[in-house]
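The UniProt record's numbering numbers the first residue of the sequence shown as 1 and each following residue consecutively. Virtual Cβ for every residue (Gly too), placed ideally from N, Cα, C. As the structure is a computational prediction, the values presented were derived from the model and not from experiment. Input: a single structure, listed below in structure tokens.
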Amino acid sequence: MTLKPLSLAVISAVLLVGCNDDNDTAKLRVTHASSDAPLVAVKLNGDVVDALAEVDYQQASPFLAVDSGTYDVSVDALLPADETLEVIAANLDLAGDMQYDVFAVNNTASIEPVVLMRDDIFIGGNQVRVDVLHAHPDVPGVDIYLSTSDSITSEAPAISGLAFKVDSPDLPVTLPSDTYRIRVTLAGQKDVVFDSGELDLAGGSDLMITAVPNVDGGAVSPVNLLVADGDDMAVLRNTGEKATVRVVHAVKDAVEVDVQASGSTVAGFEAIAFKEFRSEDLPAGSYDLSVVANIDPSIVVFDAPGTEVESGTASSIYAVGSFVSASDFDIEPLLIEEDLRSVATYAKVRVVHASTAAGTVDVHASADGMFSEATVVLEDVEFKDNAVLNVPGGSYSLAVTPANSLEPLITGDASVEDGGVYSVVATDDLTGFVINVDTTPSE
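Okay, structure coming up:
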């Protein structure tokens, strides 16, 4: 399968970078913390920095060595047809022997940079230095607790009243290396909205912790913590986070089905009909799954033992194949890892080939209902292939044709909005596509 250019509408995030050596240098790190912003490219003095050519949400660069001095910094939106648009321009004076963290924060419509700086010092082997940024635009000030006590009722917060975007004069803090439990509450309250569980913070660590919106699958807490230490960055999730699991019935003429885990029907996954999407948030873990006929659970459509679901993820299990009768069918699972995050500047459309009858196909998208070689967006698509297209919001005419042919097998229309996430599925029902709104655009 070949993905052909269609559109990659992208908008801002982050700030600068660079690299160099020797004595009078600063360290620079850039973090994408804008939850509905797409990938961005960052330039330093007009040149795109390799490490920051495509920065996605919840990603950060390693520390980059930059000669002290004044720099022109710009952030480019990656637009359709490989065009770019400068969306942030800044002039920044970097001093030697300092660390600079640059964050893109807020929603896309109000995206802005925040810069934190601190001395670049050696952290002793029995100490941990911690800096924190509150980067969730929809959460008011928070308190942060670091004790390992079962209850924080009688505990005082280690960091009090940290507000969105604020570079607190009380940070960074230096702590003894030890076991800690990071808990976050709204300022002045004791109800925990984030709990890391116990963490061993190793001596010599120099941590930058950023609280960002949790837009991952199975979200329980409103925030994730991005934990950066030198060249490494990890997403730290709240204990008890779940995983979003979707089941899609894509087999024409097959009966309604149930999903079972270790022989018991999973709540919410009963009587799933052809063309139907079902979604539930499940605890992370390993599941011995079976799909069975709803009218007769002794008829096992397929087994999927040892199916792993991880917290903070979204995945779809498609039932694909052919059905003739209860004793004559060939149905199998198609597992797809999903990205259901809304991006404000374009729509994400996943195309799934679930038609046993269509063979190898090309997929077309047209604004005027006319199809030609120029309207091919996916070519040589095999049964069970899938791909995501990033497209501007609008109305499109879609078609599936045999590969290298312009004779449609399936046609249909789809209207999508910027910020929406959609699935378009070709099945053996050649009268049209199955179209699902996976994520509704934000108002």
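Secondary structure of residue i, DSSP reduced to three states
i, result
"residue 50", "helix"
"residue 179", "strand"
"residue 374", "helix"
"residue 74", "strand"
"residue 97", "coil"
"residue 290", "strand"
"residue 110", "helix"
"residue 438", "strand"
"residue 423", "strand"
"residue 195", "strand"
"residue 82", "helix"
"residue 89", "strand"
"residue 265", "strand"
"residue 380", "strand"
Residue(s) in a DSSP beta bridge with residue i
i, result
"residue 189", "Residue 189 is not bridged to any residue."
"residue 272", "257"
"residue 27", "65 and 99"
"residue 159", "144"
"residue 126", "Residue 126 pairs with nothing; no bridge assigned."
"residue 348", "390 and 421"
"residue 211", "134 and 225"
"residue 104", "32 and 113"
"residue 120", "Per DSSP, none; premise fails for residue 120."
"residue 174", "129"
"residue 453", "Since the first and last residues shown for the chain are 1 and 443, residue 453 lies out of range."
CA nearest to the CA of residue i, picked from the options
i, options, result
"residue 193", "144, 168 and 229", "144"
"residue 210", "103, 169, 108 and 297", "103"
"residue 216", "341, 179 and 354", "341"
"residue 330", "269, 254, 306 and 407", "254"
"residue 202", "125, 311, 442 and 307", "125"
"residue 375", "248, 399, 58 and 384", "399"
"residue 197", "92, 226 and 237", "237"
"residue 415", "434, 362, 427 and 395", "395"
"residue 417", "384, 300, 344 and 277", "344"
"residue 446", "305, 412 and 155", "Limits of the chain in this structure are 1 at one end and 443 at the other, which puts residue 446 out of reach."
"residue 180", "167, 162, 157 and 187", "157"
"residue 195", "360, 54, 420 and 147", "147"
"residue 283", "309, 360, 259 and 294", "309"
"residue 108", "131, 122, 136 and 94", "136"
"residue 182", "188, 199 and 169", "199"
"residue 403", "373, 166, 260 and 322", "373"
"residue 397", "63, 336, 432 and 240", "432"
"residue 412", "171, 370 and 161", "370"
Start-to-end residues for the beta strand (DSSP E) that takes in residue i
i, result
"residue 278", "277-283"
"residue 430", "From DSSP, residue 430 is part of no beta strand (DSSP E); its letter is neither H nor E."
"residue 364", "361-366"
"residue 324", "314-325"
"residue 59", "Where residue 59 is concerned, there is no enclosing beta strand (DSSP E), given that its DSSP letter is neither H nor E."
"residue 390", "386-391"
"residue 402", "394-402"
"residue 236", "232-236"
"residue 334", "328-338"
"residue 306", "300-309"
"residue 415", "410-416"
"residue 244", "242-249"
"residue 40", "40-44"
Can you find at least 3 beta carbon pairs, one from the stretch 109-116 and one from the stretch 139-147, that sit closer than 8 Å? They do not touch, by the three-pair rule.
State whether the stretch 244-259 contacts the stretch 296-313, with contact taken as three or more CB pairs (one from each stretch) at a distance under 8 Å. Segments in contact, yes.
Tell me whether the stretch 349-356 and the stretch 422-438 touch, counting them as touching only if at least three CB pairs, one residue from each stretch, are closer than 8 Å. The stretch 349-356 is in contact with the stretch 422-438.
When you compare the stretch 25-45 with the stretch 88-101, are there three or more beta-carbon pairs, one atom per stretch, that lie closer than 8 Å? Touching, per the Cβ criterion.
Three-pair Cβ contact test at 8 Å for the stretch 216-235 versus the stretch 294-304: No, they do not touch.
Contact between the stretch 250-266 and the stretch 292-299 (3+ Cβ pairs under 8 Å): Taking a cut-off of 8 Å on C-beta distances, the stretch 250-266 touches the stretch 292-299, as three or more cross pairs fall below it.
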